[in-house]
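Shown next, in C-alpha cells, is the structure this report addresses.
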Amino acid sequence: DDEEEETVVEDDDGEEDNIDEDDEEEEDYNKLEEHDMVMGGVRLANALGRAPLQLEYKNWSSEAREFYSEAACCGLGIVSALLAGCTSNNSSRKNLRDNEDAKLCQEAIGSLESALRTM
3 DDEEEETVVE DDDGEEDNID EDDEEEEDYN KLEEHDMVMG GVRLANALGR
53 APLQLEYKNW SSEAREFYSE AACCGLGIVS ALLAGCTSNN SSRKNLRDNE
103 DAKLCQEAIG SLESALRTM
C-alpha cells in the first residue's frame, strides 16, 4: 500500500479537513527565501529612485516630497550596505549571483542618487 499520509485538522467550526503531506511541501515551496525578499527590496529602491521622473511627481505636496526624500535616503543607505556586502573581499562566496546582486544594487544606488540630486 503506497497511500499518502494524511493529517486530519479540525477547523474552528468543528469540521475536519484532510491535509496531504504534499500540500504542506507545496506551501513551503511557495514561500520566499530571505535572499529573494532582500532583492525585492532592492528592486523597489530602484523604482523609488525613478519616482521623480514621473509626471505625477510635479503634483506631489511638499509633505509628500519630504517623506519621499527621507525614504530615498534610507533606501540609499540600505542598498549601499548591501552592495558593500556583495563586493566585500571577506565574503566567503563569490559567484554569479553575487555579481548579479551587486549590479542590481549599483543600479538602485544610481537611480536614488540621481533622484536626490534633482530635489
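To get the numbering used here, take the position in the sequence shown, counting from 1, and add 2.
Think of the CB as a built atom: it goes at the ideal place given N, C-alpha and C, for glycine as much as any other residue.
Bear in mind the structure is a predicted one, so any value in this text is a computation, not a measurement.
* Do the CB positions of S90 and N48 come within less than 7 Å of each other? -> Their beta carbons are not under 7 Å apart, which means S90 does not touch N48 by this criterion.
* To do: State buried or exposed for C76, treating a residue as buried only when at least 16 other CB atoms are found within 10 Å of its CB.
  => Under the 10 Å beta carbon count, C76 is surrounded by fewer than 16 other beta carbons and is classified as exposed.
* For E35, does the three-state DSSP call read helix, strand or coil? -> Of the three classes helix, strand and coil, the one that applies to E35 here is coil, per DSSP.
* Asked: Quick one: what does DSSP say A117 is sitting in, helix, strand or coil?
  -> Correct three-state label for A117: helix.
* Asked: From D38, E115, K105, pick the residue whose C-alpha is nearest to that of L85; which is it?
  -> Looking at the Cα atoms, K105 is the closest of the given residues.
* Under the assumption that S82 contacts I111 (Cβ atoms under 8 Å), give the Cβ distance between them as a whole number of angstroms. => Going by Cβ atoms, the distance from S82 to I111 rounds to 6 Å, so yes, they are a contact pair.
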